[in-house]
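Working notes for the structure below.
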Amino acid sequence: MLHTETCGDGAPLVMLHGWGLNLRVFDGLAAVLAQRWRVIRIDLPGHGRSAWPDALTRDGFADAVREHVPRQAVLCGWSLGGQLALQLAAEAALQVRALVLLHATPRFQRSADWAFGMPPEVMANFARQLALDYERTVADFLSLQVRGSADAQQALAALRLALLEHGAADPRALKFGLEWLAQADLRALCPVLPQPALVVAGQYDRVTPPQAQRALAAALHEARLVEIRRAGHAAFLSHPQELQAAVVAFLGGLRGADDAPLATPIGVRRGH
4 MLHTETCGDG
14 APLVMLHGWG
24 LNLRVFDGLA
34 AVLAQRWRVI
44 RIDLPGHGRS
54 AWPDALTRDG
64 FADAVREHVP
74 RQAVLCGWSL
84 GGQLALQLAA
94 EAALQVRALV
104 LLHATPRFQR
114 SADWAFGMPP
124 EVMANFARQL
134 ALDYERTVAD
144 FLSLQVRGSA
154 DAQQALAALR
164 LALLEHGAAD
174 PRALKFGLEW
184 LAQADLRALC
194 PVLPQPALVV
204 AGQYDRVTPP
214 QAQRALAAAL
224 HEARLVEIRR
234 AGHAAFLSHP
244 QELQAAVVAF
254 LGGLRGADDA
264 PLATPIGVRR
274 GH
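Numbers 4 to 275, taken from this note's numbering, label the letters of the sequence shown in order.
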């Protein structure tokens, strides 16, 4: 069983975090969404307070998450969590209602027919560094996620605090997740997904460049693309007002006309 936290009432909305982090990174966004939704945050296997199962397979990784996803939920996934959300959205039994994809990409690693990913040699070097010093590798990755972003130090401090307060990832989970990111290719899946989607990109994202989100939005059946100016790979931390407003507006469009609108986003700050 994975560690989960639930807040709010209403229709279910499941939040899936990215590689090396945990559910604490969504504290601010979850507080807003819980005003109208039953928000379920999940620590992925081996992350935060979820144990790492022995001999976990790729299918088993998704299976472990699936057990905590109610039917007809909205899936909100960040980076690796976004890839999981895309994969789960394809499962008819879950009847996924909609997707919120934060800095997600259908293919993380660059290839001959995909120019918007991380070069294979960079991925290989990252794997070598992970084997030698996983704590330093995670620290470097946190810095990469906020590089170039306005309010980068604020976002970096929040990422570090999430690990300090809620627990760092198991090295085995980090290795597994890195292999997942290097191998996963969900491009063929995207056009057949029927759900409406919000795709959020950061102008200065060094992990998944905005070109990847543009291609993802174009490939999906029904997608709205929002690119946040001067944001890196964690806009929900560096640009909470803009990110929350985009998500609130998108989710508001999913609800019936008789529903009251969602409250004003918290964490309000001046745009850039």
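Glycine is no exception: its CB is placed at the ideal position from the N, C-alpha and C atoms.
**Asked** DSSP three-state call for Q244: helix, strand or coil?
**Response** helix
**Prompt:** Under the rule that 16 or more other beta-carbon atoms within 10 Å means buried, what is N25, buried or exposed?
**Reply:** buried
**Item:** Closest residue to R113 among R69, A187 and A252 (Cα-Cα distance)
**Value:** Shortest Cα-Cα distance from R113 to any of R69, A187 and A252 involves A187.
**Prompt:** So, helix, strand or coil for P15, using DSSP?
**Reply:** strand
**Request:** Measure how close the beta-carbons of L104 and V202 come, nearest whole angstrom, since I'm counting them as under 8 Å.
**Result:** 5 Å
**Prompt:** What does a CB cutoff of less than 6 Å around Q75 pick up in its chain, not counting 5 residues either side in sequence?
**Reply:** Q98 and R100
**Prompt:** Do you know offhand how far G205's Cα is from A161's?
**Reply:** Their backbone Cα atoms lie some 17 Å apart in a straight line.
**Request:** Taking T60 as the reference, give the member of K178, L167 and A115 with the closest Cα.
**Result:** K178
**Message:** Here's a check: name, in chain order, each residue in its chain whose Cβ is nearer than 7 Å to the Cβ of A165, leaving out the five neighbours to either side.
**Reply:** L24, N25, R27 and V28
**Prompt:** Tell me which same chain residues have a C-beta within less than 7 Å of the C-beta of C10, skipping the five on either side of it?
**Reply:** A33, A37 and V42
**Request:** Kindly indicate which three-state DSSP category E94 falls into: helix, strand or coil?
**Result:** coil
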